[in-house]
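Enquirer:
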Amino acid sequence: MTGPSISDAVIEIQGVTKAFGDRQVLGGIDLTLREHEAIALIGASGSGKSTLLRCIDLLVEIDDGDILLDGEVITDPSVDPVAVRRRLGFVFQAFNLFPHMSVIDNVTLGAVRAHGESRKEANERARQLLERFGLGGRENDKPDQLSGGQQQRVALTRALAGRPRALLLDEVTSALDPELVGDVLDAVRDLKQEGMTMLIATHEMSFAREVADEVAFLHEGRIIEQGSPERILAEPERPETRRFLRRLLAAGRI
Amino acid sequence: MVLTSEGWPDVQETFFSADAFKTSFPEILKGFWLDVKLFVGVEIVVLILGLLIAVIRTSKVPALFPIRVLAAIYCDFFRGVPVILLVYLIGFGIPALELSGMPDDPVILAAIALSLAYSSYVAEVYRAGIASIHPSQSDAGLATGLTRIQTLRFVVIPQAIRRVRPPLLNDFISLQKDVALVSVLGIAEAFRIAQIETLSTFNYTPLLAAALLYLAVTIPMARILDHITAREQINA
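This is the structure in structure tokens:
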């Protein structure tokens, strides 16, 4: 394979497998995410997209293979998972905001407790980020006072507060009402333009087409097709990919 | 009906004697101050110790396995033994050992017995609360870069405590009454003083006076509990 030099790679996934009981969820994944690149992971529910993202953030232990972050193997037992997670940002499908904390405390918790920033410094930066994502003035609200779209933008802000090397986005719009999806996607689009390195599990094909440099199609725990969004979404080679896209089309999701 | 029945004057004299009330109440009230000090002190110890035990019992770190087993035995034992038996056992048993450095003040020993019993109840309440917080909250804490202990401290435990405030208060109300059990060690608390008065005069009014004092703290506490429960149902 040719391509950018290895030093460009932010996340490298090499032969990663994972089974829950007898259910093989990841059946040998290879994927490289380069600096400033956005890769969209697409595939049916249960194809392993979420599990792969959770493995990268060391929320799930892999069975075999290696995951590298900036050239360092992070799935080795000797590596401190906390230090790795501090270099990555994760946004969950169901937001997972801390319901007992205000918006700003949600955002600054990691900055203060994990990254050792002063409260003042963290608050200032959190305010800027919240402002940027259209949440100015909502700092002292509790998460349940916000709409789903606003909550997800808070979650995105929380993930960015630790200045991550890469963002892992797990179906960030799947739990939202259709009219609230737009604002969240705008925010992600914005981050892409700014050069954020991202791995995005998504069901939004139009979004994948627009934001992703590459699309990887997962089927039963394997990446069976990968390439530019134009090619994968318009002229998929594999019958499984075609079937998946046809189904989305029929469901009005493209 | 009751007030006009033939036996009423006797009943009134035995249970509701104004004279007996007036002479016994100041002493009983003084004794009740000891009850208050006991249940407040014990409650503070219980809230801290119970949380510590619950955290140990819910931890999943393999290295903590032996401590986890100890914590489980602790809960099983102290939850399964009658409180009065524990008060006896510790209140009389420890001094009988005549070990140096061991407390021999019966009030301290009584406080230890109550703390052991109630921390095992409260640990189970906390444990249920911690278990009720969805694992996705821990995931979010870890993903934010927190350590496991920080995730517990800032994310899981504050939510768990909020959720179990009603049962915690309920146990606190039980404790406020159970402090009377320390009277078996001869400690001059409200019930004990009332009992002595009653035994010397064959008048039960002092016991009723003591009952009023217990009610004076448990009923407001019960109303607070109702208030919290009602508010939580609105929020849920």
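Chain order of the listed sequences is A and B. Plus 295 on top of the position in the first sequence (first one is 1) and you've got our numbering. Plus 112 on top of the position in the second sequence (first one is 1) and you've got our numbering. For glycine and all other residues, C-beta sits at the position ideal for the given N, C-alpha and C.
#1: Throw me the rounded Cβ distance for the A507/A and A339/A pair, which I believe falls under 8 Å.
#2: Output yes or no for whether 8 Å exceeds the beta carbon distance between N315/B and S117/B.
#3: Judging by CA-CA distance, which residue of L475/A, L451/A, L513/A, P459/A is the nearest neighbour of A378/A?
#4: So L287/B contacts chain A; which residues on that side make the cut at Cβ distance below 9 Å?
#5: Counting only the same chain and skipping the five closest in sequence on each side, list residues whose C-beta sits under 8 Å from that of L287/B.
#6: With a cut-off of 8 Å on the beta carbons, I'd call R169/B and R239/B a contact; round off their distance for me.
#7: Got a sec: which bits of the segment 254-286 of chain B sit with their beta carbon under 7 Å from any beta carbon on chain A, in order along the chain?
#8: Smallest Cα separation from G522/A: which of A417/A, E532/A, V398/A?
#9: Is L464/A close to chain B, meaning its C-beta is less than 8 Å from at least one C-beta of that chain?
#10: What are the complete alpha helix (DSSP H) segments, minimum 4 residues, inside the segment 375-420 of chain A?
#11: Does D262/A have its Cβ less than 8 Å from a Cβ in chain B?
#12: Pick helix, strand or coil for V305/A, following the three-state DSSP scheme.
#13: Give me the Cβ distance between G405/A and R453/A, rounded to the nearest whole Å; I'm assuming they're in contact under 8 Å.
#14: Say whether chain B places a C-beta atom closer than 8 Å to the C-beta of A461/A.
#15: Check this for me: beta carbons of P438/A and L392/A, under 8 Å apart or not?
#16: Assuming the contact rule is C-beta atoms closer than 8 Å, E307/A and L363/A should be a hit. Round their C-beta distance to whole Å, please.
#17: Residues in its own chain within less than 8 Å of L353/A by CB, not counting five upstream and five downstream?
#18: What is the rounded straight-line gap between the Cα of P299/A and the Cα of E330/A?
#19: Within a Cβ cutoff of 6 Å, which residues of the same chain sit near G253/B, ignoring the five residues on either side of it in sequence?
#20: In terms of residue numbering, what span does the alpha helix (DSSP H) encompassing M214/B cover?
#21: Does the segment 460-469 of chain A touch the segment 480-500 of chain A, meaning 3 or more C-beta pairs lie closer than 8 Å?
#22: Threshold first: 4 residues or longer. Then list the alpha helix (DSSP H) segments lying entirely within the segment 463-498 of chain A, N to C.
#23: Give the secondary structure of L369/A by DSSP, where H, G and I count as helix, E and B as strand, and everything else as coil.
#24: By DSSP, does L324/B sit in helix, in strand, or in coil?
#25: Residue range of the beta strand (DSSP E) that R329/A falls in?
#26: Cutting at 6 Å between CB atoms, please list the residues of its own chain near M296/A, excluding the five before and the five after it.
#27: Please classify A235/B: is it buried, with 16 or more other beta-carbons within 10 angstroms of its beta-carbon, or exposed?
#28: Name the chain B residues whose beta carbon is nearer than 8 Å to that of H498/A?
#29: Roughly how many whole angstroms lie between the Cα atoms of T536/A and H498/A?
#30: Along chain A, which residues have their Cβ under 7 Å away from the Cβ of S244/B?
#31: For A322/B, which of Q307/B, R335/B, I299/B has the nearest alpha-carbon?
#32: Could you tell me which residues DSSP pairs with G522/A in its beta bridges?
#33: Just the C-alpha distance for L540/A and S373/A, rounded to the nearest angstrom, thanks.
#34: Measure the alpha-carbon distance for D481/A versus D400/A and round it to whole angstroms.
#35: Taking a cut of 9 Å between CB atoms, which residues from the segment 216-249 of chain B lie near chain A?
#36: Find the residues of chain B that neighbour N391/A, judging by a C-beta separation of less than 7 Å, and give them in chain order.
Expert: On the basis of the data shown:
#1: Working through the first sequence from its first residue, we reach residue 507/A at position 212. Working through the first sequence from its first residue, we reach residue 339/A at position 44. With 8 Å as the limit, A507/A and A339/A do not qualify as a contact, their Cβ atoms being about 18 Å apart.
#2: Taking the first residue of the second sequence as 1, we reach residue 315/B at position 203. Taking the first residue of the second sequence as 1, we reach residue 117/B at position 5. The answer is no: Cβ separation not under 8 Å.
#3: Here the question's residue 378/A lines up with position 83 in the first sequence. Residue P459/A is the option with its Cα nearest to A378/A.
#4: Along the second sequence, read from residue 1 onward, the residue named residue 287/B stands at position 175. Here the premise fails: no neighbours, minimum Cβ distance about 27 Å.
#5: Position 175 of the second sequence, counted from the first residue, corresponds to residue 287/B. Within the same chain, L287/B has close Cβ partners F151, V154, E155, V158, L226, Y230.
#6: Here residue 169/B refers to the residue found at position 57 of the second sequence. Here residue 239/B refers to the residue found at position 127 of the second sequence. 6 Å between Cβ atoms; contact.
#7: So the close ones are L254, A255, T256, G257, L258, T259, Q262, F266, V267, P270, Q271, R274.
#8: Locating residue 522/A in the first sequence gives position 227, counting from the first residue. Minimum Cα distance to G522/A is reached at E532/A.
#9: Along the first sequence, read from residue 1 onward, the residue named residue 464/A stands at position 169. L464/A does not count as touching chain B.
#10: 376-380, 398-408
#11: Since the first residue of chain A shown is 296 and the last is 549, residue 262/A is not available in this structure.
#12: The residue labelled residue 305/A in the question sits at position 10 within the first sequence. Here V305/A sits in strand by DSSP.
#13: Translated into positions along the first sequence, residue 405/A becomes position 110. Translated into positions along the first sequence, residue 453/A becomes position 158. Yes, G405/A and R453/A are in contact; Cβ-Cβ is about 7 Å, under 8 Å.
#14: The residue you call residue 461/A lines up with position 166 of the first sequence. Answer no: the Cβ-Cβ gap between A461/A and chain B never drops below 8 Å.
#15: Here residue 438/A refers to the residue found at position 143 of the first sequence. Here residue 392/A refers to the residue found at position 97 of the first sequence. In this structure, L392/A lies closer than 8 Å to P438/A by Cβ.
#16: By 1-based counting over the first sequence, the position of residue 307/A is 12. By 1-based counting over the first sequence, the position of residue 363/A is 68. Indeed they touch by this definition, with Cβ atoms about 4 Å apart.
#17: Residue 353/A sits at position 58 when you count from the first residue of the first sequence. I369, T370, P376, V379, R380, listed in sequence order.
#18: Within the first sequence, the letter at position 4 stands for residue 299/A. Within the first sequence, the letter at position 35 stands for residue 330/A. Unreliable positioning characterises P299/A in this predicted model, as indicated by a pLDDT of 44, which lies under 50. The coordinate reading is nonetheless provided below. About 10 Å.
#19: As a first step, residue 253/B must be located in the second sequence, where it is residue number 141. Here the set comprises T263, V267.
#20: On the second sequence, residue 214/B is found 102 positions in, with the first residue counted as 1. Neither: M214/B is in no alpha helix (DSSP H) and is coded neither H nor E.
#21: Flag = yes, the segment 480-500 of chain A and the segment 460-469 of chain A touch.
#22: As for any alpha helix (DSSP H) of minimum length 4 sitting wholly inside the segment 463-498 of chain A, the runs are 473-488, ordered along the chain.
#23: The residue you call residue 369/A lines up with position 74 of the first sequence. Looking at the sequence itself, residue 369/A is Ile, so the reference to Leu does not match. If DSSP states are grouped into helix, strand and coil, I369/A belongs with coil.
#24: One-based indexing of the second sequence puts residue 324/B at position 212. Correct three-state label for L324/B: helix.
#25: Numbered from its first residue, the first sequence carries residue 329/A at position 34. R329/A -> beta strand (DSSP E) spans 318-329.
#26: Position 1 of the first sequence holds residue 296/A. With a pLDDT of only 44 at M296/A, under 50, the local geometry of the prediction cannot be trusted, and no value is derived from it.
#27: Residue 235/B sits at position 123 when you count from the first residue of the second sequence. So A235/B ends up on the buried side.
#28: Here residue 498/A refers to the residue found at position 203 of the first sequence. Going along chain B, no residue has its Cβ under 8 Å from H498/A, so there is no contact; the nearest lies around 19 Å.
#29: Within the first sequence, the letter at position 241 stands for residue 536/A. Within the first sequence, the letter at position 203 stands for residue 498/A. The C-alpha of T536/A lies about 13 Å from the C-alpha of H498/A.
#30: Here residue 244/B refers to the residue found at position 132 of the second sequence. Here the premise fails: no neighbours, minimum Cβ distance about 13 Å.
#31: Within the second sequence, the letter at position 210 stands for residue 322/B. Of Q307/B, R335/B, I299/B, the residue nearest in Cα terms is Q307/B.
#32: Start at 1 with the first residue of the first sequence, and residue 522/A comes out as number 227. In DSSP, G522/A forms a bridge with V510/A.
#33: What you label residue 540/A is simply residue 245 of the first sequence in a count that begins at 1. What you label residue 373/A is simply residue 78 of the first sequence in a count that begins at 1. C-alpha separation (whole angstroms): 41 Å.
#34: Within the first sequence, residue 481/A is the residue found at index 186, counting from 1. Within the first sequence, residue 400/A is the residue found at index 105, counting from 1. Cα to Cα, the separation comes out at about 24 Å.
#35: Those would be H246, S248, Q249, in chain order.
#36: Counting from 1 along the first sequence, the entry for residue 391/A is found at position 96. Neighbours of N391/A on chain B, chain order: S248, Q249, D251, A252.
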